[in-house]
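Here our numbering is used: position 46 in the sequence shown is 646, and no number is missing along the way.
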Amino acid sequence: MRKFFMIFPDGSGQAPADPSALAVIRPRAAGPEGGMARVEIPDPSIFMGDTPTQNVHRYFTDMTGQMTVGLWDSTPFERAPAPFPRCELMCLLEGSVSLTDGAGAEHRFEAGEAAYIPMGAPCGWKSTVYVRKFFAIFQPAVAASAQAAE
Numbered sequence: 601m602r603k604f605f606m607i608f609p610d611g612s613g614q615a616p617a618d619p620s621a622l623a624v625i626r627p628r629a630a631g632p633e634g635g636m637a638r639v640e641i642p643d644p645s646i647f648m649g650d651t652p653t654q655n656v657h658r659y660f661t662d663m664t665g666q667m668t669v670g671l672w673d674s675t676p677f678e679r680a681p682a683p684f685p686r687c688e689l690m691c692l693l694e695g696s697v698s699l700t701d702g703a704g705a706e707h708r709f710e711a712g713e714a715a716y717i718p719m720g721a722p723c724g725w726k727s728t729v730y731v732r733k734f735f736a737i738f739q740p741a742v743a744a745s746a747q748a749a750e
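Structure below.
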């Protein structure tokens with residue numbers, strides 16, 4: 601048995617309008633019944649080469665909008681190392697990816713492996729095959745509003 605987790609101690613004190621929304625969620629590796637939504641890519645210039653086709657399904661977003669858990673997939677792409685805009689724990693379900701750190705060291709991850717990228721860490725991405733992953737993202741509201749202002 602493997603267990604990966606990310607804890608977000610929500611200090612906002614907000615309560616959900618519908619308490620049943622706080623239930624156990626069983627994400628499906630094959631994808632949700634409702635399908636995946638196409639990711640709108642606002643700046644294709646961040647990619648080296650062709651712009652990928654990416655899809656996402658969000659299983660959960662906390663009431664503050666700072667933590668999101670979901671399923672994501674993408675056609676192959678490459679992106680140069682840049683400061684990562686959020687904290688992300690990912691578990692690859694299909695494919696493989698090479699992540700490059702700020703020192704230029706390449707770290708390869710295969711299906712079944714997990715990676716964690718802290719917010720602000722220089723990170724490049726290179727995949728030559730289709731990739732599908734579960735993700736848990738934490739992006740503090742302060743960081744999200746600063747990124748939107750850029």
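We put the CB at the ideal spot given by N, CA and C, even for glycine.
Which value, in whole angstroms, describes the spacing of the CA atoms of residue i and residue j?
i       : j       : result
Arg-679 : Arg-626 : 31 Å
Tyr-730 : Gln-654 : 10 Å
Gln-739 : Pro-642 : 19 Å
Met-719 : Pro-683 : 7 Å
Cys-687 : Ile-717 : 6 Å
Asp-610 : Met-663 : 9 Å
Ala-741 : Ser-612 : 11 Å
Phe-647 : Met-667 : 25 Å
Between residue i and the rest of its own chain, which residues show a CB-CB distance below 8 Å, the 5 nearest in sequence each way excluded?
i       : result
Leu-622 : Pro-616
Leu-692 : Phe-709, Glu-710, Ala-711, Gly-712, Glu-713, Ala-714, Ala-715, Val-731, Arg-732 and Lys-733
For residue i, which residues in the same chain have their Cβ closer than 7 Å to its Cβ, ignoring the five residues on either side in sequence?
i       : result
Val-639 : Gln-654, Asn-655 and Val-656
Buried or exposed, going by whether 16 or more other CB atoms sit within 10 Å of the CB of residue i?
i       : result
Asp-618 : exposed
Ala-748 : Legend: pLDDT at Ala-748 = 49, less than 50; position of this residue unreliable, no value from coordinates given.
Arg-607 : Looking at the sequence itself, residue 607 is Ile, so the reference to Arg does not match. Its Cβ having fewer than 16 others within 10 Å, Ile-607 is exposed.
Asp-673 : buried
Who does residue i pair with in a DSSP beta bridge?
i       : result
Met-690 : Ala-715 and Phe-735
Ser-727 : Phe-677
Please list, in chain order, all residues of the same chain as residue i whose beta carbon is under 6 Å from its beta carbon, the five residues on each side excluded.
i       : result
Glu-706 : Ser-698 and Thr-700
Query raised in the report: So does the region 720-729 actually touch the region 699-706, counting three or more Cβ pairs closer than 8 Å?
Result: yes
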